[in-house]
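In this note's numbering, the protein residues as written are 501 to 1081.
Built from N, CA and C at the ideal position, the CB exists for glycine as well.
Since we're looking at a predicted model, the values are computed, not measured.
Quick look at the structure:
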């Protein structure tokens, strides 16, 4: 009921469609309940002593009335089916958007142990099941309840003794329906989870198809997909096995009830002579509608349980509270000068596995801070704390003297441009990707940013230039080309704070020198945080932090750190000796 209430809160915005479908269902039920009475009346007329002409006229008139009722029922059936589908699919589109929007609010910590395919399955597949709930299961359940209640009244109105006889199978039917509900729900939920696993495997393999092919692991990955596909199939077949057993049993009970009524009704007509043939015909017509709602209950419950299994998986996502969110009185920032200060900051991804401990430093507006050190000491983590992808577990971070937690996230991140080592580009044109962080910028501004990033020349080599579509994740571009587009994208935003995480790692020495010469002018009036393994790229930084063992080992300018002959000097010697500095 909790799940149903939550779904109703989301679905009620589409009440005109569902209301229209509900009214249509009432009309359908009314026609179905009225029809046997008309047929009974027509049969009664045939037994009167009126003239043939009178009988034919009366039968013709009521036949036309009945035809009109059937036409009305046909129109109502169209309205019920169509508008329930309209409301159902609009609910699906709404819930997919709500789920995606919520996922966007969750911090990177949430995604650490989540497979993209699983989240995709919850956003797309599980929400799609809600259409079956809104357009089929609930309308069918409502129609069956109305029909069952109406038919029960009509049966007792026609013949109470025969109606009581018709109720004999009901306890057994109710038991079977409850039993079916208890058994089928876990099976369907498990099948839904297996579908999510299958989506995850396929999505992961398609994303890494290059690695699969280069390491010749096609057979291995085919086996993974095969096993996952059959796990899902096994789960579905297990649920269908339960369904295949319970549905026939439920129908058997309904049929047995009908046979019992026919046997007893025949006795009442032939032996007791307390029931006329037209009355038994009308009773049997009602009886055919009486067991229908009960025997269909299994199908309806199956559809409802499938939908609820998907809805529960969706609500699990929606119930996940973002651990990074605006405080109630968080405020927006005007254009900042770019002062950044870490004050005794500590951080871990998993409790007991500290990454940073008691980190304190300050970057003045327009200065460049370089973060260096061995792999895994927290350089990228520090950079990720500035735009609040994570919050420190202790300590505070300030921009222009304001605690990051007191600043609205959207406002904070609008002040920062970021270039990552692992560049992500969208399946669009080159111009669209450069413009992604600054919508509304002109073509001339896009070209200027590309020129500063030394991307303009290679862009013009494509037949469509800036309108070249680059494929998913920029598959048509080299690593160096993708990084230069990412740099152009960051530069176009013109933000006061710039973060470069190994931004030149995938370019050759000549291209790197070109980019560095462009960056000299561009970072002059920006607060810049650079993470680089190539120490030659950070010689002119105003401040270099050398990280080691969760803390700051050394701090100073390039020349000062060399003079100390510490960890930084050691790293420089290794790189110069290997010819990569």
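Could you check what DSSP says for residue i in three-state terms: helix, strand or coil?
{"i": "residue 1051", "result": "strand"}
{"i": "residue 839", "result": "coil"}
{"i": "residue 899", "result": "strand"}
{"i": "residue 983", "result": "helix"}
{"i": "residue 889", "result": "coil"}
{"i": "residue 735", "result": "helix"}
{"i": "residue 877", "result": "coil"}
{"i": "residue 1070", "result": "helix"}
{"i": "residue 679", "result": "helix"}
{"i": "residue 855", "result": "strand"}
{"i": "residue 796", "result": "coil"}
{"i": "residue 862", "result": "strand"}
{"i": "residue 653", "result": "helix"}
{"i": "residue 872", "result": "strand"}
{"i": "residue 1030", "result": "strand"}
{"i": "residue 790", "result": "helix"}
{"i": "residue 579", "result": "helix"}
{"i": "residue 824", "result": "coil"}
{"i": "residue 1046", "result": "strand"}
{"i": "residue 517", "result": "helix"}
{"i": "residue 918", "result": "strand"}
{"i": "residue 968", "result": "coil"}
{"i": "residue 998", "result": "strand"}
{"i": "residue 648", "result": "helix"}
{"i": "residue 844", "result": "strand"}
Residue i to residue j, Cα distance in whole Å?
{"i": "residue 675", "j": "residue 686", "result": "18 Å"}
{"i": "residue 1058", "j": "residue 1023", "result": "18 Å"}
{"i": "residue 690", "j": "residue 847", "result": "37 Å"}
{"i": "residue 842", "j": "residue 937", "result": "26 Å"}
{"i": "residue 894", "j": "residue 850", "result": "14 Å"}
{"i": "residue 641", "j": "residue 797", "result": "8 Å"}
{"i": "residue 664", "j": "residue 658", "result": "11 Å"}
{"i": "residue 931", "j": "residue 995", "result": "19 Å"}
{"i": "residue 509", "j": "residue 582", "result": "22 Å"}
{"i": "residue 534", "j": "residue 574", "result": "15 Å"}
{"i": "residue 964", "j": "residue 992", "result": "21 Å"}
{"i": "residue 868", "j": "residue 831", "result": "27 Å"}
{"i": "residue 933", "j": "residue 954", "result": "16 Å"}
{"i": "residue 904", "j": "residue 609", "result": "18 Å"}
{"i": "residue 528", "j": "residue 757", "result": "25 Å"}
{"i": "residue 985", "j": "residue 973", "result": "12 Å"}
{"i": "residue 1040", "j": "residue 709", "result": "41 Å"}
{"i": "residue 530", "j": "residue 576", "result": "11 Å"}
{"i": "residue 990", "j": "residue 916", "result": "9 Å"}
{"i": "residue 1062", "j": "residue 1038", "result": "13 Å"}
Output needed for residue i: all residues of its chain with C-beta closer than 6 Å, excluding positions within five of it in sequence on either side, in chain order.
{"i": "residue 540", "result": "778 and 782"}
{"i": "residue 615", "result": "700"}
{"i": "residue 962", "result": "968"}
{"i": "residue 672", "result": "753"}
{"i": "residue 560", "result": "none"}
{"i": "residue 1065", "result": "none"}
{"i": "residue 776", "result": "none"}
{"i": "residue 626", "result": "810, 813 and 814"}
In or out: residue i buried (at least 16 other Cβ within 10 Å) or exposed?
{"i": "residue 1027", "result": "buried"}
{"i": "residue 978", "result": "exposed"}
{"i": "residue 805", "result": "buried"}
{"i": "residue 1060", "result": "exposed"}
{"i": "residue 844", "result": "exposed"}
{"i": "residue 570", "result": "exposed"}
{"i": "residue 524", "result": "buried"}
{"i": "residue 568", "result": "exposed"}
{"i": "residue 578", "result": "exposed"}
{"i": "residue 636", "result": "buried"}
{"i": "residue 725", "result": "exposed"}
Mind reading off the beta-carbon distance from residue i to residue j? Whole number of angstroms is fine, and I expect it under 8 Å.
{"i": "residue 987", "j": "residue 877", "result": "Incorrect: roughly 25 Å between the Cβ atoms, too far for contact."}
{"i": "residue 828", "j": "residue 1048", "result": "Wrong, their Cβ atoms sit about 39 Å apart, outside the cutoff."}
{"i": "residue 739", "j": "residue 684", "result": "6 Å"}
{"i": "residue 912", "j": "residue 887", "result": "7 Å"}
{"i": "residue 761", "j": "residue 785", "result": "About 12 Å separates the two Cβ atoms, so there is no contact after all."}
{"i": "residue 1074", "j": "residue 1029", "result": "Between residue 1029 and residue 1074 the Cβ distance is about 23 Å, and since that is not below 8 Å, they are no contact."}
{"i": "residue 595", "j": "residue 814", "result": "7 Å"}
{"i": "residue 1031", "j": "residue 871", "result": "5 Å"}
Excluding five sequence neighbours on each side, which residues of the same chain lie with their C-beta closer than 7 Å to the C-beta of residue i?
{"i": "residue 900", "result": "836, 837 and 839"}
{"i": "residue 1080", "result": "For residue 1080, the pLDDT reaches just 46, beneath the cut-off of 50, and the residue's location in the model is therefore unreliable, although a value from the coordinates is still provided. So the list reads 1034, once near-sequence residues are dropped."}
{"i": "residue 924", "result": "973"}
So, at 8 Å on beta carbons, what are the nonlocal neighbours of residue i in its own chain, with the 5 sequence-adjacent residues on each side left out?
{"i": "residue 861", "result": "841, 842, 869, 1043, 1045, 1052 and 1055"}
{"i": "residue 812", "result": "503 and 689"}
{"i": "residue 646", "result": "525, 526 and 529"}
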